[in-house]
Amino acid sequence: MANPRGPILSGDQDVRDALLTKIRRTQATDKLDAKRRQAVQERLSNHPRNIVPKRSDGNVDHKVALFTKLMTAADATVEEVSMPSQIPRAVAEFLRAHNLPQRIRFGKDPALTGLAWDQTPSLEVSDGRARVSDETSMGRAFAAVAESGTLVMTSGQDNPTTLNFLPENHVVVVEANRIWGSYEDVWDEIRHHYGDTVMPRTVNLISGPSRTGDIEQRLELGAHGPKRLHIIILNSASKAGSPKE
Amino acid sequence: MESTSRKFSSNAREALGDSQLQRALSNVPSGFVNKRAKAAAALPEFEDLRDKGRDIKNHVLEHLDLYLEAYERRVIEAGGHVHWAASAADAQRIITEICQAHGAKTVTKGKSMISEEAGINAALERAGITPIETDLGEYIVQMRGETPSHLIAPAVHLNKDQIEADFRRVHDHLPKDRVLEEPASLVREAREVLRSKYLAADIGITGANFLIAETGTSVIVTNEGNGDLTQNLPKVHIALASIEKIVPTLEDASTLIRLLARSATGQEISTYTTFSTGPRRLGDLDGPNEYHVVLLDNGRSDMIGTEFQDMLRCIRCGACLNHCPVYQAVGGHAYGWVYSGPMGSVLTPSLIGVDEAGHLPNASTFCGRCEEVCPMRIPLPKMMRHWREREFEKHLTAKSIRSGLKVWNWFVARPELYHRVSGLAAKFIKARAGKRGRVSNLPFAGGWTKHRDLPSPQGKTFQAIWKERQKNG
Ligand code: SF4
Chain V
156 MANPRGPILS GDQDVRDALL TKIRRTQATD KLDAKRRQAV QERLSNHPRN IVPKRSDGNV
216 DHKVALFTKL MTAADATVEE VSMPSQIPRA VAEFLRAHNL PQRIRFGKDP ALTGLAWDQT
276 PSLEVSDGRA RVSDETSMGR AFAAVAESGT LVMTSGQDNP TTLNFLPENH VVVVEANRIW
336 GSYEDVWDEI RHHYGDTVMP RTVNLISGPS RTGDIEQRLE LGAHGPKRLH IIILNSASKA
396 GSPKE
Chain E
277 MESTSRKFSS NAREALGDSQ LQRALSNVPS GFVNKRAKAA AALPEFEDLR DKGRDIKNHV
337 LEHLDLYLEA YERRVIEAGG HVHWAASAAD AQRIITEICQ AHGAKTVTKG KSMISEEAGI
397 NAALERAGIT PIETDLGEYI VQMRGETPSH LIAPAVHLNK DQIEADFRRV HDHLPKDRVL
457 EEPASLVREA REVLRSKYLA ADIGITGANF LIAETGTSVI VTNEGNGDLT QNLPKVHIAL
517 ASIEKIVPTL EDASTLIRLL ARSATGQEIS TYTTFSTGPR RLGDLDGPNE YHVVLLDNGR
577 SDMIGTEFQD MLRCIRCGAC LNHCPVYQAV GGHAYGWVYS GPMGSVLTPS LIGVDEAGHL
637 PNASTFCGRC EEVCPMRIPL PKMMRHWRER EFEKHLTAKS IRSGLKVWNW FVARPELYHR
697 VSGLAAKFIK ARAGKRGRVS NLPFAGGWTK HRDLPSPQGK TFQAIWKERQ KNG
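One line per chain: the protein sequences are V and E, in this order.
Take the first sequence: its letter number 73 is residue 228 in our numbering, and every next letter is one higher.
Take the second sequence: its letter number 117 is residue 393 in our numbering, and every next letter is one higher.
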């Protein structure tokens with residue numbers, strides 16, 4: 156790669172320089188420039204929060220409840236379990252309830268591969284990125300946002316991005332203590348995990364199953380992405396999901 | 277894209293007489309308008325967020341050169357490529373060259389207004405590459421050889437029986453006797469047909485709602501998930517974005533995201549908001565091997581530092597279209613170019629010239645609703661008046677119209693009077709213009725009088741007539 160700005164093209168360097176010079180001329184005199192640079196530098200490194208809606212302020216119960224309410228309003232289904240060992244059965248039940256084949260694919264996330272899948276022997280599990288033939292995929296959310304009822308999925312071999320979009324049914328596990336109040340809370344988490352100014356290749360905010368209103372503004376689910384989104388909240392404090400032995 | 281903005285008034289007259297279009301457009305107010313009002317009311321901070329959104333974009337525009345540089349640096353650090361395009365022709369050339377370098381035969385596309393603006397599809401076709409729009413509305417519009425008639429609802433001008441006929445015509449490999457009446461069956465058919473296209477595509481092209489300088493990230497917002505399949509399945513992802521899409525930080529993007537869906541569709545947030553930073557990483561099982569960003573100016577830098585700079589705050593939510601009585605009545609195509617409604621009336625003359633699009637700023641009743649709902653608090657009516665003044669100064673308007681406009685401008689500069697007397701003003705202009713046979717040059721008077729019997733003897737306002745039309749429709 157001789158040209159650091161692209162292996163294929165050259166010649167747009169001139170366009171770049173001309174454009175930046177032109178903008179600079181309308182906005183700055185030389186004296187102002189140091190000030191402008193400082194303002195930009197500070198904003199980028201301090202990334203101050205603007206206005207964060209108060210609706211998600213509260214304890215875990217409040218956040219779980221708000222997340223659940225908004226996700227449900229956006230046509231997803233949500234259930235709570237109190238122990239990881241309950242997850243395989245919850246998945247099997249979801250598939251049964253919708254007459255789907257007992258087959259599911261997820262990535263290499265140890266939190267998913269390490270679940271007690273031997274408890275549900277009729278449920279076939281496989282790993283890897285999504286295939287066209289997959290009917291149901293599964294993922295673990297990096298986090299969630301209570302404010303708008305939103306899952307936050309990060310790319311990588313643990314949870315390949317295609318699993319979020321290609322199959323028609325999507326099951327996502329999220330831990331209750333990973334449901335944050337706001338988007339800003341999640342950005343701080345991402346900075347903490349990946350480092351300042353570094354983002355995972357893809358961060359997907361998902362707030363319900365795929366939909367379209369393109370035909371006469373009538374809502375239809377499953378336009379290109381999943382038609383069903385089922386969320387399993389792992390909440391050790393949950394009473395709802397006590398073991399059904 | 278060729279513009280027919282010069283012919284706004286005849287376009288508008290045609291639109292008013294098109295019963296299919298009128299039926300389709302009747303879905304707009306009950307859908308988007310009510311939902312936006314509900315969503316705004318449900319968030320106590322909404323009005324303050326609008327102020328913040330305006331301030332963020334103003335700050336960006338004042339420091340745009342520096343944020344562009346910072347953004348470029350981060351994209352390169354993440355392994356992506358940044359290309360700079362001054363004009364639509366540059367963008368066409370850059371994108372075509374990337375496609376050719378990969379021997380691309382088909383390209384899937386996420387919804388992108390900037391791609392429409394830059395005529396990317398036509399350029400690809402000229403190079404023997406097949407572009408496939410994947411947003412359902414765009415797919416339908418492309419199938420018909422049309423362009424989108426709304427920022428976020430490209431096929432809002434169509435009824436389902438028209439769409440059914442197109443699907444039967446184009447999807448001729450499917451059984452003729454299949455049932456396709458319901459929107460659900462049309463959505464399913466498009467889903468299945470497009471699945472194979474995503475998988476076969478060599479390159480995926482998307483737009484970007486935001487570019488984040490802090491991290492070198494491009495953001496797309498969709499409800500269908502088509503943009504994600506477009507950018508994740510092919511080997512190469514190209515994001516095409518205009519330079520004013522930059523925001524400083526993830527926090528700033530969050531503020532605008534809170535405004536966007538609420539203003540557009542009344543959702544809390546769109547179903548999918550996707551942040552993309554660079555190509556596939558070590559160990560990744562999917563994602564593109566190459567990630568390119570094409571930054572397009574196409575006239576925007578000329579707006580910076582002028583009275584039209586505020587227009588660059590626009591986040592393309594479509595609220596001003598949805599709330600505009602003129603848009604509701606004539607739809608998007610009458611505006612004759614990519615952008616329609618109040619934002620189109622302001623932006624189009626900036627981008628393609630007042631000679632070409634000087635009529636558009638007349639396509640207004642100056643009711644002020646667009647500014648009331650614009651999440652970025654863009655003073656749209658004021659800017660339309662700026663254009664009218666400029667057009668007036670440039671003597672592009674026929675003499676008879678100019679004297680009519682003078683009176684018109686006097687009224688519209690006085691909103692409190694305007695509502696009471698706009699019926700009268702319309703009558704006056706009609707009388708003046710009518711005598712000289714130049715009615716058609718004044719879309720407001722000309723377009724309406726023929727079809728809507730304006731003004732009535734009592735001098736009804738545009739609003740009153742619109743309401744009546746709603747009732748009767
Ligand atoms: S001008 Fe304002 S209301 Fe219109 S599309 Fe742009 S941001 Fe939305």
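For glycine and all other residues, C-beta sits at the position ideal for the given N, C-alpha and C.
Enumerate in chain order the residues of its own chain whose CB-to-CB distance from residue i is below 7 Å, with the five nearest sequence positions on each side excluded.
i: Asp167(V); result: none
i: Val304(E); result: Val432, Asn598, Gln604
i: Arg326(E); result: Leu535, Pro651, Arg653
i: Arg690(E); result: The predicted position of Arg690(E) is uncertain, since its pLDDT is 38 and thus under 50; no value can be drawn from it.
i: Leu434(E); result: Ala300, Ile416
Quick one: residues in its chain with C-beta nearer than 8 Å to the C-beta of residue i, no 5 flanking neighbours on either side, listed in chain order?
i: Ile334(V); result: Val215, Lys218, Val219, Phe222, Ala298, Ala299, Val300, Ala301, Ile388
i: Lys263(V); result: Asp282, Gln312, Asp313
i: Leu456(E); result: Glu440, Phe443, Arg444, Leu462, Glu465
In chain order, what residues of the same chain have a beta carbon less than 6 Å from the beta carbon of residue i, not counting five sequence neighbours either side?
i: Thr750(E); result: Because chain E here runs from 277 to 749, residue 750(E) falls outside it and cannot be looked at.
i: Arg589(E); result: Lys333, Met652, Ile654
i: Gly644(E); result: Pro657
i: Val280(V); result: Ile259, Trp272
i: Gly608(E); result: Ser425, His426, Ser616
i: Thr547(E); result: Asn499
So residue i is in the alpha helix (DSSP H); what residue range does that whole segment cover?
i: Tyr615(E); result: Tyr615(E) -> no alpha helix (DSSP H), and no H or E assigned at all.
i: Phe668(E); result: 656-669
i: Trp342(V); result: 338-349
i: Phe320(V); result: That residue, Phe320(V), is in no alpha helix (DSSP H); it is neither H nor E in DSSP.
i: Leu462(E); result: 459-476
i: Ile352(E); result: 340-353
i: His635(E); result: Run containing His635(E): none; DSSP gives neither H nor E here.
i: Ile496(E); result: Taken as a continuous stretch (DSSP letters only), Ile496(E) belongs to no alpha helix (DSSP H), being part of the beta strand (DSSP E) at 493-498.
i: Lys503(E); result: For the record, residue 503(E) in the displayed sequence is Gly; it is not Lys. From DSSP, the alpha helix (DSSP H) with Gly503(E) extends over 502-508.
i: Thr525(E); result: Element bounds for Thr525(E): n/a, residue is neither H nor E.
i: Phe284(E); result: 284-292
i: Met419(E); result: 412-419
i: Pro555(E); result: That residue, Pro555(E), is in no alpha helix (DSSP H); it is neither H nor E in DSSP.
i: Val512(E); result: Segment 512-518 is the beta strand (DSSP E) holding Val512(E); no alpha helix (DSSP H) there.
i: Pro265(V); result: 265-268
i: Val455(E); result: No alpha helix (DSSP H) contains Val455(E), which DSSP labels as neither H nor E.
Locate the beta strand (DSSP E) running through residue i, then write down its first and last residues.
i: Tyr548(E); result: 548-552
i: Gly294(V); result: 291-295
i: Asp282(V); result: 279-282
i: Arg260(V); result: 258-261
i: Leu567(E); result: In the sequence as displayed, the identity of residue 567(E) is Tyr instead of Leu. Run containing Tyr567(E): 566-572, per the beta strand (DSSP E) assignment.
Taking only beta-carbon atoms, is residue i less than 8 Å away from chain A?
i: Glu457(E); result: This model lacks chain A altogether, as its protein chains are V and E.
Can you determine whether any heavy atom of the ligand COA sits closer than 7 Å to the C-beta of residue i, and answer yes or no?
i: Ile591(E); result: For the structure depicted, the ligand COA is absent and the ligand set comprises only the ligand SF4.
Chain-ordered residues of the segment 212-226 of chain V with a beta carbon less than 7 Å from chain E = Listed by position along the chain: Leu225.
The segment 448-463 of chain E contacting the segment 608-628 of chain E, beta-carbon criterion three pairs below 8 Å | no
Hey, is the segment 411-421 of chain E in contact with the segment 510-528 of chain E, meaning 3+ C-beta pairs nearer than 8 Å?
-> no
Determine which residues of the segment 360-383 of chain E have a Cβ less than 7 Å from any Cβ of chain V, and write them out in chain order.
-> When C-beta distances to chain V are compared with 7 Å, the residues of the segment 360-383 of chain E below that value are Trp360, Ala361, Ala362, Asp366, Ile370, Glu373, Ile374, Ala377, in chain order.
At least 3 beta-carbon pairs within less than 8 Å: the segment 482-491 of chain E vs the segment 359-366 of chain E | They do not touch, by the three-pair rule.
Per the contact definition of three or more C-beta pairs closer than 8 Å, is the segment 342-350 of chain V in contact with the segment 280-288 of chain E?
-> With contact defined as three or more Cβ pairs closer than 8 Å, the segment 280-288 of chain E and the segment 342-350 of chain V are not in contact.
Which residues, taken in chain order from the segment 536-556 of chain E, show a beta carbon closer than 9 Å to some beta carbon of chain V?
-> Ala537, Thr541, Gln543, Glu544, Ile545, Ser546, Thr547, Tyr548, Thr549, Thr550, Phe551, Ser552, Thr553, Gly554, Pro555, Arg556
So does the segment 379-393 of chain E actually touch the segment 473-488 of chain E, counting three or more Cβ pairs closer than 8 Å?
-> Yes: at least three Cβ pairs fall under 8 Å.
Are the segment 551-570 of chain E and the segment 355-374 of chain V touching by the rule of at least three beta carbon pairs closer than 8 Å?
-> Verdict: yes, contact present.
Interface positions of the segment 395-425 of chain E facing chain V (Cβ-Cβ less than 9 Å), listed along the chain = Thr410, Asp411, Leu412, Gly413, Glu414, Tyr415, Ile416
Chain E contacts from the segment 347-359 of chain V (Cβ-Cβ distance under 8 Å) | Thr352, Val353, Met354, Pro355, Arg356, Thr357, Val358, Asn359
Would you call the segment 457-467 of chain E and the segment 570-579 of chain E touching, i.e. three or more CB-CB distances under 8 Å?
-> Touching, no.
Assess, as a yes-or-no matter, whether the segment 232-240 of chain V is touched by the segment 370-388 of chain V under the definition of 3 or more beta carbon pairs within less than 8 Å.
-> yes
Using a Cβ-Cβ cut-off of less than 8 Å, give me the residues of the segment 304-323 of chain V that come near chain E, in sequence order.
-> Gly304, Thr305, Ser310, Gly311, Gln312, Pro315, Thr316, Thr317, Asn319, Phe320, Leu321
With 8 Å as the C-beta to C-beta threshold (strictly closer), list the residues of the segment 193-206 of chain V near chain E in chain order.
-> Ala194, Val195, Arg198, Leu199, His202, Pro203, Arg204, Asn205, Ile206
Check distances from the C-beta atoms of the segment 310-330 of chain E to those of chain V and list, in chain order, the residues that come in under 7 Å.
-> Leu319, Glu321, Asp324, Leu325, Lys328
Determine which residues of the segment 365-385 of chain V have a Cβ less than 8 Å from any Cβ of chain E, and write them out in chain order.
-> Those residues of the segment 365-385 of chain V that come within reach of chain E (Cβ to Cβ, closer than 8 Å) are Ser365, Arg366, Thr367, Gly368, Asp369, Ile370, Glu371, Gln372, Arg373, Glu375, Gly377, Ala378, His379, Gly380, Pro381.
Which residues, in chain order, does the segment 492-504 of chain E contribute to contact with chain V at a C-beta distance below 7 Å?
-> Thr493, Asn499, Glu500, Gly501, Asn502, Asp504
Below 8 Å between beta carbons is the criterion; list the residues of the segment 259-293 of chain V that meet it against any residue of chain E, in chain order.
-> Gly262, Gly283, Arg284, Ala285, Val287
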